[in-house]
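*Asks:*
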Amino acid sequence: MNTIVTAGLLPFGALLILAAPAHAEPASTTIDGLRAQGLDVRVDRVGNAPLDECTVSAVRALPAPAQPFLVNDDDDINVFTITPKQKVAVSLDCAG
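In our numbering, the protein residues as written are 650 to 745.
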């Protein structure tokens, strides 16, 4: 079980490396990189500076539980499990 949990957390460690404040790149580059990886990115920000002046203060994974999807044919009912895109929240400091 620990191996599965550890393997599941490895991609999020990579997300944190991308969002490390030591990078001099703008927040939009980090956000675009996460979207390029196929993640659903949610952004919250403090301040109202332009996005290119914001710094990334945190990246965290949001829960994405599997959802049942019901298909009702004429003669039977089929239930499939759909796993939605992984969601991440990016916190920005735009107080500049």
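We put the CB at the ideal spot given by N, CA and C, even for glycine. Bear in mind that the values here come from a model prediction, so they are computed numbers and not experimental data.
Where does lysine 734 sit, in a helix, a strand or coil, going by DSSP?
*Replies:* coil
*Asks:* Please confirm whether leucine 711 and valine 737 have their CB atoms less than 8 Å apart.
*Replies:* Between leucine 711 and valine 737, the C-beta gap is smaller than 8 Å, which places the two residues in contact.
*Asks:* Rounding to the nearest angstrom, what Cα-Cα distance links valine 708 and leucine 700 in this structure?
*Replies:* 16 Å
*Asks:* Under a Cβ-count criterion, where at least 16 other Cβ atoms within 10 Å of its own Cβ denotes burial, should isoleucine 731 be classed as buried or exposed?
*Replies:* exposed
*Asks:* If you reduce the DSSP assignment to three classes, tell me which class leucine 688 lands in.
*Replies:* The answer is coil: DSSP assigns leucine 688 none of H, G, I, E or B.
*Asks:* Ends of the beta strand (DSSP E) at proline 675?
*Replies:* Looking at the DSSP string, proline 675 is not in any beta strand (DSSP E), and its letter there is neither H nor E.
*Asks:* From Phe729, Gln686, Thr678, Pro733, pick the residue whose C-alpha is nearest to that of cysteine 703; which is it?
*Replies:* For the residues Phe729, Gln686, Thr678, Pro733, the minimum Cα distance to cysteine 703 belongs to Thr678.
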